[in-house]
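In order, the protein sequences belong to chains G and H.
Heads up: the first sequence at position 392 corresponds to 392 in UniProt numbering, and the numbers run straight through without jumps.
Heads up: the second sequence at position 480 corresponds to 480 in UniProt numbering, and the numbers run straight through without jumps.
We treat Cβ as the ideally placed atom computed from N, Cα and C, and that holds for glycine.
On a predicted model such as this, the values are computed, not experimentally measured, just so you know.
Heads up: the structure comes next, in structure tokens.
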Amino acid sequence: MGKEIIPAAEKSLNLIRGRLCDPSYVFRPLSASSDSNYSKLKFIVSTSITEGCNNSILLLGPRGSGKAAVLDLVAGDLLEEFPDSVSLIRLNGLLHSDDNCAFKEIARQLCMEHHLLFSKMASLDENSQFIVAMLRECGLAHKTIIFVLDEFDMFAQGKQRLLYSLLDAMQSVTSQAVVIGISSRLDADQLLEKRVRSRFSHRKILFLPPSREEFDGLLEHLLSLPADSSFPNGYVSRFNEKIKNITSDTRFKDILRTLFNANSTVNSLLKFIFRAVSLMNLESGLLSLENFKAALSSMQRQPKLEAVRDCSILELYLLVCMRRLEVKEQSAYNIISVMKEYKTIHDSFQTSDYYAQNVCLRAFEHLRERQVICYTENRGQSQTGEYRPMKLLISASELHQGMRSHACCPAILLKLLDH
Amino acid sequence: MPREESSKATRRSTRSSSSVTVENAEPNESHQPTVDDLTFGDESITVDAVLSNFPGRRSQILDLIRLVGPLDCPTLPLMIYGSASTGKTSVVLQVLRHLSRPFVYSSCRTCYSPRILFESILNQLFLHRKCSSNGYSSAKRCDKPSDFVNLLREALGNVIESLESGSETSRPDKSDGKPMGKMVYLIFDNVDLIRDWDKGSMILQFLFSLYDVLKMPQLGIILISGLPPDVYYSNMGYTDPLPLYFPEYSEEDLRQIFLRNQVNRKLYSAFLDVVLKPFCRVTRRVEELSTTFSSLFRKYCEPLDDLGISPNEDMKRRLYSHLKPLIAPCLNEIFRVSSHPHDGVTRGERRQKASYGSENREELETLDFHMSTSAKYLLIAAFLASRNPATLDASMFDSTGGMDNRKRKRKASEKSMEKKEMAEQEAVMKGPGSFPLERLLAIFQCIASVGDSSFGEEEEEEDEDPTGYDKENNNLMSDILLQVSSLCDAHFLIKSGSCPLEGSIRYRSMVSEDLALKAARSLSFPLAKYLYRR
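Laid out in structure tokens, this is it:
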């Protein structure tokens, strides 16, 4: 830590991390080809703007596949192309699923766009009347309003009043509006009510994980430094050379394959690269394969193993007792029966670890806090205290593995677990 | 625990402006918070100071520094998780102190509802302080996530603007506690408590996607959680933050932690050699070990006249043999905080000496608290009512008292042994049985009269008139109903569901067998005779 840090290293680190945290930069190369989702979406929206008609689209795909990012790119381009005839209203299902909130937010954004005064005291009806009036006015002025509904499935809960009023207004009033819904539920359109679904145009764009070639291109796009004058001369070429060496290495390809076996969205790749880049050696300013290996191992966590490794020896005893009760086919057990088993183990093996009841009760609490055991849901009887039935939240193999990798697990416990 | 105390004192100072001495007596002249107050407040410290303050956390500290990144480096949201008292909060705050970055800290333990959480963050960002002049109100009223996002954007914009204008003046001295950089970090502590809130899953979902919703690269979000990230998985899915794990301390780390800030390190390290290993088998949490070690260390040093000497081998052996008999009972009391104050230490010692003098298991024969006689009888009656089946009451509490004439010696067959085991298991699982109030009062009457008369003269009870009550019993009756309700409050009795046929409330006894035995012993009541054993 006391060695010299090259200032260029910090700058390149900032640059790359900035790129990773900016979704529109990340998805730009993926949108370059002509049959990508970007061009499809752009075509649909621009035709409805130029022809002055209404439209509704759904963007579907798993989380982290770039739906909102592509939409932002399209919106940015359209706002440049048609500066006066497009206005954008954004809603998010997490924040605005309540109808009151949603109408208020739409009214607020419309007011901000058109420099009108927004009253916070306006009621739901007033807001909805205002919105319908604005839609009519904008339609007469040939201005298109684009409604972006993020987390579309959250709007489809409850009465779907917002969706119905928006889609109904689009049909009846002389308006020009495009409704774009984004959802990670692939069946989001099945959630709509009949009257809403009949007004919806059923256009869907699916966002699938990119192919391997696209990923390679993406890696290069993210990690190569630009050859401009803000960096020292040899540094950029050395850095890009190192990146090329790493990405063509077979070990790196193995690492990538392991990563994609678990999660093949773009988002997990971004997190992986973020972690690897953060480990960059600031003295040399270059990435190395070890950074990527360390990043992969930090992404492959095993939380239950960590929880077992954190347990003290008394807690391990209690876990082994519970496991033995399970093996004896006692489907339900509570603290009293586990303590009995603990006592029998102590009597038969004369272990040195026999503690009083209150100590064991506290150890149970620790185990519950770590979510290794829990109380079973019991609707019929209302038991309290030490008679509530419990169950293990880890499997036998996880317990086994955890105990074997524990720092100081006594050998007798492993023996007790085995038979 | 000296280390925790010092970090607690510094943590408290982040919530108020610590660069100026706070004058509590004059709220009218209170210091108006500025952007500079968003940092830790004290002087910045070096990495080595941070590393030496937290033994055993070297790799986590370096990882955290790397993930937060150099100045003005955008970062994805981070989640720091680990079990209790592993140093998560203090490490985060000290690292941000070392880096002199402005941050806003809020804990979901003190801000126990969404409105309080949102308003606390907004108050800190709007540099608003609650005082009497504004009626102790927040800067803006905010209880919905949608309002919070809009207001947060506004507040962050203000703060970042002032940070940018402040950073234009170049500062040669980097360690004066002023904020550096143009990024603001939001720290949410105890995020796992949100799960228990009303609509907690929505709020958690909102927190995890806050970074994507705001789309501000000058914001960094750090979440601190006591539970691993997989408990937050829900149907809705979310983009999970980058995890950073704080494991429990190993024995070596615990030794270094306890050796810090000790006056006589050699003596304490000899003490730790004796004590650390057995206690680590029970628990490895610092807060639980520190209370036990402080009282044990006092006892360890008793034979020494001078606490400043460093012990040699001979003395170590002597001290060890002095401490050894205390270790085993202390292990069993490890989680119990002593109810004797420190001044009364001699009384506690005498009790402990007496207790471990006798080798049997039931060391403390008396109840720890005072109960009236009728309350004790009621307790025993409730215990018996829960343990014994109702059909045996008549024979149990008849004039002969007890069930010693019911034992029929018969060789138990295998099948009946198995059935007995199954029945026992079921009884353990079901727990104590429930009984109506009338049964409790009937048993109480029986045993109270048994206790009044002496044991040997059981014939006298046959003469007792079952219908006529003494004057004493009459007076006792109204108190009994009061006692029942106070036992319910003390959780010795609980109300279980009511019987659908009768409609009366049924009670259940939550008294453990040792407590009932202690109460019976104090009344000289033969509990064992009345207990039904299968």
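Can you list, in chain order, the residues of its chain whose CB lies under 8 Å from that of residue i, leaving out five sequence neighbours each side?
i, result
"residue 370 of chain G", "307, 310 and 311"
"residue 241 of chain H", "76, 77, 78, 79, 208, 221, 223 and 229"
"residue 538 of chain H", "Outside the modelled stretch of chain H, which goes from 1 to 534, sits residue 538 of chain H, for which no answer is possible."
"residue 268 of chain H", "258, 259, 262 and 297"
"residue 307 of chain H", "263, 264, 267 and 301"
Give me, in chain order, the residues of the same chain whose beta-carbon lies closer than 6 Å to that of residue i; leave out the 5 immediate sequence neighbours on both sides.
i, result
"residue 124 of chain H", "104"
"residue 410 of chain G", "none"
"residue 266 of chain H", "310"
"residue 190 of chain H", "107, 108 and 109"
"residue 375 of chain G", "388 and 390"
"residue 335 of chain H", "none"
Please classify residue i: does DSSP put it in a helix, a strand, or coil?
i, result
"residue 501 of chain H", "coil"
"residue 293 of chain G", "helix"
"residue 368 of chain G", "helix"
"residue 530 of chain H", "helix"
"residue 136 of chain H", "coil"
"residue 38 of chain G", "helix"
"residue 189 of chain H", "strand"
"residue 204 of chain G", "strand"
"residue 45 of chain H", "coil"
"residue 93 of chain G", "helix"
"residue 508 of chain H", "strand"
Identify, in the order they occur along the chain, each residue of the same chain with its Cβ nearer than 7 Å to the Cβ of residue i, setting aside the five sequence neighbours on each side.
i, result
"residue 516 of chain H", "379, 380, 383 and 527"
"residue 349 of chain H", "In this prediction, residue 349 of chain H has a pLDDT of 45, which is less than 50 and means its spatial position is unreliable; what the coordinates show is noted afterwards. The answer is none, since no qualifying residue turns up."
"residue 99 of chain G", "124, 161 and 162"
"residue 136 of chain H", "130"
"residue 70 of chain G", "27, 31, 37, 38 and 41"
"residue 5 of chain H", "Note on residue 5 of chain H: pLDDT 39, under 50, position unreliable in the model; the coordinate value appears next. Contacts found: none."
"residue 165 of chain G", "128"
"residue 412 of chain G", "349 and 351"
"residue 514 of chain H", "none"
Taking the beta carbon of residue i as the centre, do at least 16 other beta carbons fall within 10 Å, making it buried, or is it exposed?
i, result
"residue 210 of chain G", "buried"
"residue 423 of chain G", "Outside the displayed span of chain G (1 to 419) sits residue 423 of chain G, for which this structure offers no information."
"residue 61 of chain G", "buried"
"residue 485 of chain H", "exposed"
"residue 119 of chain G", "exposed"
"residue 373 of chain H", "exposed"
"residue 420 of chain H", "exposed"
"residue 226 of chain H", "buried"
"residue 369 of chain H", "exposed"
"residue 430 of chain H", "exposed"
"residue 244 of chain G", "exposed"
"residue 12 of chain G", "buried"
"residue 25 of chain H", "Because residue 25 of chain H sits at a pLDDT of 42, beneath the cut-off of 50, its placement in the model cannot be relied upon, and the following sentence gives the value as read from the coordinates. Looking at its Cβ environment, which holds fewer than 16 other Cβ atoms inside 10 Å, residue 25 of chain H is exposed."
Residue range of the alpha helix (DSSP H) that residue i falls in?
i, result
"residue 418 of chain G", "411–418"
"residue 343 of chain G", "335–349"
"residue 170 of chain G", "161–172"
"residue 269 of chain H", "265–280"
"residue 328 of chain H", "313–332"
"residue 234 of chain H", "No alpha helix (DSSP H) holds residue 234 of chain H; DSSP gives it neither H nor E."
"residue 254 of chain G", "250–262"
"residue 100 of chain G", "99–113"
"residue 123 of chain H", "114–125"
"residue 70 of chain G", "67–81"
"residue 103 of chain H", "Per DSSP, residue 103 of chain H belongs to no alpha helix (DSSP H); it is in the beta strand (DSSP E), 103–107."
Would you mind reading off the limits of the beta strand (DSSP E) that contains residue i?
i, result
"residue 390 of chain G", "390–392"
"residue 150 of chain H", "Taken as a continuous stretch (DSSP letters only), residue 150 of chain H belongs to no beta strand (DSSP E), being part of the alpha helix (DSSP H) at 145–167."
"residue 374 of chain G", "373–375"
"residue 245 of chain H", "242–246"
Does the CB of residue i have a neighbour CB from chain A at under 9 Å?
i, result
"residue 323 of chain G", "The chain inventory of the structure shown lacks chain A, comprising the protein chains G and H."
Are the region 383–394 of chain H and the region 438–452 of chain H touching, with three or more C-beta to C-beta distances below 8 Å?
yes
Any 3 or more C-beta pairs closer than 8 Å across the region 48–61 of chain H and the region 195–208 of chain H:
no
Can we say the region 169–176 of chain G touches the region 108–116 of chain G, given the rule of at least three CB pairs closer than 8 Å?
no
I'd like to know if the region 140–159 of chain G and the region 48–64 of chain G are in contact, where contact means that at least 3 CB-CB pairs between them fall below 8 Å.
yes
Given 8 Å, three or more beta-carbon pairs between the region 149–158 of chain G and the region 83–96 of chain G
yes
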